[in-house]
Amino acid sequence: MKLYGSIASPYVARVVMFADLKGIELPMEAAPGGMGSDEYKAINPTGKIPALQVDGPHGKQTIAESTVICDYLEAAHPQPALIPAEPMAQAQTRMIARMTDLYVAPHNTPLNRMGPTRDEALIAQQAALFATGFGYIEAFMGPGPFVVGDSPTLGDCALAPFIIMLKENIFANFPEVADPTAGDGGLAEWWQAMQAHPVAGKTLAHYEEELVKFLKWLREKMAKRRGG
Ligand SMILES: N[C@@H](CCC(=O)N[C@@H](CS)C(=O)NCC(=O)O)C(=O)O
Numbered sequence: 003m004k005l006y007g008s009i010a011s012p013y014v015a016r017v018v019m020f021a022d023l024k025g026i027e028l029p030m031e032a033a034p035g036g037m038g039s040d041e042y043k044a045i046n047p048t049g050k051i052p053a054l055q056v057d058g059p060h061g062k063q064t065i066a067e068s069t070v071i072c073d074y075l076e077a078a079h080p081q082p083a084l085i086p087a088e089p090m091a092q093a094q095t096r097m098i099a100r101m102t103d104l105y106v107a108p109h110n111t112p113l114n115r116m117g118p119t120r121d122e123a124l125i126a127q128q129a130a131l132f133a134t135g136f137g138y139i140e141a142f143m144g145p146g147p148f149v150v151g152d153s154p155t156l157g158d159c160a161l162a163p164f165i166i167m168l169k170e171n172i173f174a175n176f177p178e179v180a181d182p183t184a185g186d187g188g189l190a191e192w193w194q195a196m197q198a199h200p201v202a203g204k205t206l207a208h209y210e211e212e213l214v215k216f217l218k219w220l221r222e223k224m225a226k227r228r229g230g
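In the working numbering, each residue carries its 1-based index in the sequence shown increased by 2.
#1: Output the distance between the C-alpha atoms of P1 and F132, rounded to the nearest integer angstrom.
#2: Rounding to the nearest angstrom, what Cα-Cα distance links A190 and A130 in this structure?
#3: Excluding the five sequence neighbours on either side, which residues of its own chain have a C-beta within less than 6 Å of the C-beta of M97, listed in chain order?
#4: Tell me the residue span of the beta strand (DSSP E) that contains A66.
#5: By Cβ distance, which residues of its chain are closer than 7 Å to L213, with the 5 residues on each side in sequence left out?
#6: On the criterion of 16 or more Cβ atoms from any shown chain inside 10 Å, does I26 qualify as buried, or is it exposed?
#7: State the start and end residues of the unbroken alpha helix (DSSP H) segment that holds Y13.
#8: Residues in the same chain with beta-carbon distance under 8 Å from S68, minus the five sequence neighbours each way, listed in chain order, please.
#9: Are G185 and E140 close, meaning C-beta to C-beta below 8 Å?
#10: Looking at ligand 1, does it come within less than 7 Å of T69, judged from the CB to the closest heavy atom?
#11: When you compare only the Cα positions, how much space is there between K204 and A44?
#12: The beta strand (DSSP E) with Q55 in it runs from where to where?
#13: Can you have a look at K24 and say buried or exposed, based on whether 16 or more other CB atoms are within 10 angstroms of its CB?
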């Protein structure tokens, strides 16, 4: 098995955390030719990271989409279970993963694309969208401290890297966007538990380190571009 990507991606970090919690060794390799390149598209036609290459029933086969990769790892290595068998708990952890992708992740992009001139209307709009998305997540979380119960599952692996990304990229630069882990709501308690977890906390620290390096590189590149 081989994972294509870089842990600086929150979607890759989802899979890495899931594998770490399962105790699976997952060798990682950069996407050959880079994300979106023709060379990489020959492996993963979407051009996105992560992709998991496995020795499947038909030789080397690729699995795309971070949550589907987690599903595959769960099916191939059922223990410890990170997608609960109990139907309601399973629905809850899946909802948190899905809602992260649908109602949180996309709101990051317009703010990231904003140049040095602040667009106050856009900031207010994105702040409201984030608040709505986090409201959904808090409403659908199960009994804590984790998304469902007393250990991390799929939903935790999906949401936590985005919280780090937003802390580095959005909450720090746009105080109008409320950090849901900073108050005293359910996500604040959850965030403490995630950071304190011996495995998940370590994956998160690794992700943050690589993300900070990546963001520094990106900001320097954009500043150079703006400077001509
Ligand atoms: N829905 C995908 C999203 C993956 C994704 O958007 N990855 C980004 C990196 S954070 C990417 O590969 N972007 C390059 C591109 O879209 O060409 C998943 O869950 O795996």
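Glycine included, C-beta positions come from ideal geometry on N, C-alpha and C.
Keep in mind the model is a prediction, meaning the values are calculated, not measured.
Quick look at the numbers:
#1: Residue 1 lies beyond the stretch modelled for the chain, which goes from 3 to 230, so this question has no answer here.
#2: Between A190 and A130, the C-alpha separation is close to 19 Å.
#3: Correct list, in chain order: F142.
#4: Taken as a continuous stretch (DSSP letters only), the beta strand (DSSP E) holding A66 covers 61 to 66.
#5: Closer than 7 Å at Cβ, skipping near neighbours: A10, I166, M167, E170.
#6: The Cβ neighbour count for I26, taken over all protein chains shown within 10 Å, is under 16; the residue is labelled exposed.
#7: Taken as a continuous stretch (DSSP letters only), the alpha helix (DSSP H) holding Y13 covers 12 to 24.
#8: Correct list, in chain order: Y13, V14, R16, V17, P52, A160.
#9: Going by C-beta atoms, G185 is not nearer than 8 Å to E140.
#10: T69: yes, Cβ under 7 Å from ligand 1.
#11: About 33 Å.
#12: Residues 53 to 58.
#13: Counting Cβ neighbours within 10 Å, K24 comes out buried, since at least 16 surround it.
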